[in-house]
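Numbering (the working numbering), first residue to last: 980 to 1644.
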């Protein structure tokens, strides 16, 4: 019995110790739970919500870009994409191999997918291929049982219906690079695209819109369970440009007769740009969808620089198209309108002889005759009388020597030299011989086709300080056409210059008489110009070497500025043919054709869409619509195609595409 009592006491002590330990432990746990649930409640509730709720951005549809009559220049089209979820397939490489038998998945695509998989969680969908056709989509969906983890999705991609005709103006969009990444979370959305060049870049924020947001519940590993709320994305604003799509296409075709050229056509009174073309061009749709490396390298290597918008970035000596500036500067400086200069074919400055383009000379000429026959000697004398600073001042009043704040990035500044510029740039004094060269648009003087068109507009509109405008309206702000002030030009002096420009084209003695408009009731006035690229020496001339016999890149540039109609000037154009040799022979006929076309269309009033443009734009949509109907009919059949033994439906062979030869000019 004593032994039993001892055992009982020993058991009671152990029980007491264990019980006390348990009470102490539970007391500690209770205190800790109380602390976490009461004291730290707000902190852990916040952490719990952040862990439970995931925020996902929805990219907004990009705003469309239209021409002045509603013709689409940049739109959003269907973009069918194929994804793969790594955790849903036992062998990702095998799945990609099977998929490549159906749609064009290259080895580079496969490697890109494997790299993306290593950067994301296994349940994250990885983009395999985009820009799929309806046929591709149907083939993938038919073979879903043999493609574990593969899914398809419909999105949007930017499309440019007029292709290379508007590439330099509209630009293109592309995926965000590391250098372009900002704090904006929408930039990190996979596949998100922003404007890279042109209007797409300049107005990217307006076109981009506002991203939407999805609030979803996720589990502990981040997999989405259900959608809690959604804020729809707000589409980007629609933009309307001043362009006339039909005229733009016509001008681009006109330039295609040359190897490298550019042209601007605009309204002399409002500044609205109806056409702005640079040839050769490129297909912006290639950039939007991902340009192949060989095509990209070919564009970079092309000596005609198809990626450069020559109409705004090309800077050339204006040559004789600058002589109106010198004429106005001389008249403004007090030279008599009746002044005459005798031209023997050259001009002597001390012991230096400056040649006129016509060796036999022009005889005695005044302002109008000097412009009509483009007499260099007359303008040498005017430059010598008034000095380079007076010429530079007038040039700047007419819009030369500075950027136009145009609506397309990449605009060239040009150059109007004067005495102060020479000292600042070269630490040297200005020489009188340089004034003579500047007076005829040579030497250091540079201008862009856009500036030359602006200069011409200010000459023919009575001196209104118009600037070229491309964006006519934006959805959220309305019209952007301003009222222009005056640059205060003497109207009598302007009339003298305009009479000279009329004679250039319509007088048999004019340098561009052969390029006059013969089709009534249309008319034009203008001025030719030839910009020297490399001087031909006297020895070369004696040997019979002419400018047109030099290698292409050393030939003179050909320029022409023009306006029409003569009676009531409304439209102006500037044409530059790179290495075209002569302004009257290469550039003037293009300017004539542009002004004939624009006077026929009268885009300042016309409000209809040309059938040719409507057909061009509609062609890209017609095929898509036909594919949609074909797919719908195909989907009505449960098994439209028999499954081969291997399980994968091979992609039907496509006939080889015909490729046209590029025009070399």
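Ideal Cβ positions, reconstructed from N, Cα and C, are used throughout, including at glycine.
Bear in mind the structure is a predicted one, so any value in this text is a computation, not a measurement.
Own chain residues within Cβ distance below 7 angstroms of residue i, not counting five before or after
{"i": "residue 1305", "result": "1358, 1361, 1362, 1370 and 1418"}
{"i": "residue 1278", "result": "1261, 1285 and 1286"}
{"i": "residue 1409", "result": "1367, 1398 and 1401"}
{"i": "residue 1439", "result": "1247, 1477, 1542, 1548 and 1551"}
{"i": "residue 1560", "result": "1526, 1527, 1534, 1535 and 1537"}
{"i": "residue 1134", "result": "1058 and 1060"}
{"i": "residue 1577", "result": "1226, 1244, 1253 and 1550"}
{"i": "residue 999", "result": "none"}
8 angstroms Cβ shell around residue i - same chain, five flanking residues per side excluded
{"i": "residue 1602", "result": "Reliability of the predicted coordinates at residue 1602 is poor, the pLDDT of 45 falling under 50, and no value is obtained from them."}
{"i": "residue 1611", "result": "For residue 1611, the predicted structure reports a pLDDT of 38, less than 50, and the residue's modelled location is therefore unreliable. A value from the coordinates is still provided. Excluding sequence neighbours, residue 1611 sits near nothing in its chain."}
{"i": "residue 1131", "result": "1059, 1060, 1061, 1062, 1111, 1116, 1119 and 1120"}
{"i": "residue 1171", "result": "1038, 1154, 1155 and 1165"}
{"i": "residue 1481", "result": "1504 and 1545"}
C-alpha gap between residue i and residue j, whole angstroms
{"i": "residue 1454", "j": "residue 1188", "result": "12 angstroms"}
{"i": "residue 1508", "j": "residue 1298", "result": "5 angstroms"}
{"i": "residue 959", "j": "residue 1008", "result": "A question about residue 959 goes unanswered here, because the residues of the chain that appear run from 980 up to 1644."}
{"i": "residue 1014", "j": "residue 1004", "result": "15 angstroms"}
{"i": "residue 1147", "j": "residue 1223", "result": "15 angstroms"}
{"i": "residue 1204", "j": "residue 1127", "result": "21 angstroms"}
{"i": "residue 1026", "j": "residue 1104", "result": "Note that residue 1026 scores a pLDDT of 49, beneath 50, so its modelled location is shaky; the value from the coordinates is reported in the next line. Taking the straight line from one Cα to the other gives about 26 angstroms."}
{"i": "residue 1166", "j": "residue 1067", "result": "28 angstroms"}
{"i": "residue 1268", "j": "residue 1252", "result": "29 angstroms"}
{"i": "residue 1441", "j": "residue 1469", "result": "9 angstroms"}
{"i": "residue 1352", "j": "residue 1055", "result": "52 angstroms"}
{"i": "residue 1144", "j": "residue 1431", "result": "21 angstroms"}
{"i": "residue 1158", "j": "residue 1514", "result": "43 angstroms"}
{"i": "residue 1119", "j": "residue 1069", "result": "19 angstroms"}
{"i": "residue 1173", "j": "residue 1183", "result": "7 angstroms"}
{"i": "residue 1178", "j": "residue 1562", "result": "31 angstroms"}
{"i": "residue 1125", "j": "residue 1077", "result": "8 angstroms"}
{"i": "residue 1307", "j": "residue 1490", "result": "20 angstroms"}
{"i": "residue 1001", "j": "residue 994", "result": "10 angstroms"}
{"i": "residue 948", "j": "residue 1404", "result": "Only positions 980 to 1644 of the chain appear in the structure, and residue 948 is not among them; the question remains open."}
{"i": "residue 1275", "j": "residue 1151", "result": "14 angstroms"}
{"i": "residue 1136", "j": "residue 1373", "result": "48 angstroms"}
{"i": "residue 1467", "j": "residue 1443", "result": "8 angstroms"}
{"i": "residue 1048", "j": "residue 1487", "result": "39 angstroms"}
{"i": "residue 1316", "j": "residue 1435", "result": "21 angstroms"}
{"i": "residue 1123", "j": "residue 1082", "result": "13 angstroms"}
{"i": "residue 1650", "j": "residue 1193", "result": "What is shown of the chain runs 980 to 1644, which leaves residue 1650 out entirely."}
{"i": "residue 1140", "j": "residue 1256", "result": "16 angstroms"}
Residue environment, residue i, which counts as buried when at least 16 other CB atoms sit within 10 Å
{"i": "residue 1094", "result": "exposed"}
{"i": "residue 1533", "result": "exposed"}
{"i": "residue 1059", "result": "buried"}
{"i": "residue 1034", "result": "exposed"}
{"i": "residue 1604", "result": "Residue confidence is low: residue 1604 scores 45 on pLDDT, short of 50, so the model does not pin down where it sits. Its coordinate-derived value is still stated next. Per the 10 Å Cβ criterion, exposed."}
{"i": "residue 1208", "result": "exposed"}
{"i": "residue 1289", "result": "buried"}
{"i": "residue 1383", "result": "buried"}
{"i": "residue 1041", "result": "buried"}
{"i": "residue 1099", "result": "exposed"}
{"i": "residue 1355", "result": "buried"}
{"i": "residue 1071", "result": "buried"}
Cβ shell of residue i (< 6 angstroms), same chain only, five flanking positions each side left out
{"i": "residue 1496", "result": "1502, 1503, 1571 and 1575"}
{"i": "residue 1211", "result": "1191"}
{"i": "residue 1259", "result": "1283 and 1285"}
{"i": "residue 1556", "result": "1237, 1240, 1537, 1565 and 1566"}
{"i": "residue 1445", "result": "1250, 1436 and 1463"}
Beta-carbon gap between residue i and residue j smaller than 8 angstroms
{"i": "residue 1423", "j": "residue 1394", "result": "yes"}
{"i": "residue 1186", "j": "residue 1046", "result": "no"}
{"i": "residue 1063", "j": "residue 1074", "result": "yes"}
{"i": "residue 1323", "j": "residue 1345", "result": "no"}
{"i": "residue 1450", "j": "residue 1218", "result": "yes"}
{"i": "residue 1536", "j": "residue 1499", "result": "no"}
{"i": "residue 1427", "j": "residue 1447", "result": "no"}
{"i": "residue 1334", "j": "residue 1325", "result": "yes"}
{"i": "residue 1310", "j": "residue 1411", "result": "no"}
{"i": "residue 1483", "j": "residue 1242", "result": "no"}
{"i": "residue 1506", "j": "residue 1540", "result": "yes"}
{"i": "residue 1391", "j": "residue 1296", "result": "no"}
| said: Please give me, in chain order, every unbroken run of the beta strand (DSSP E) with length at least 3 that falls completely inside the segment 1423 to 1471. | reply: 1450 to 1453
| request: Jot down the residue ranges of each uninterrupted beta strand (DSSP E) in the segment 1498 to 1553, minimum 3 residues, whole runs only, in chain order. | output: 1504 to 1510 and 1536 to 1543
| said: In chain order, what are the residue ranges of uninterrupted alpha helix (DSSP H) at least 4 long that sit wholly in the segment 1133 to 1193? | reply: 1146 to 1149, 1177 to 1181 and 1183 to 1187
| task | Write down every uninterrupted run of the beta strand (DSSP E) in the segment 1292 to 1332 whose length is 3 residues or greater and which is fully enclosed by it, in chain order. | result | 1320 to 1322 and 1325 to 1328
| Segments assigned alpha helix (DSSP H), at least 4 residues, entirely inside the segment 1064 to 1095 | 1071 to 1079
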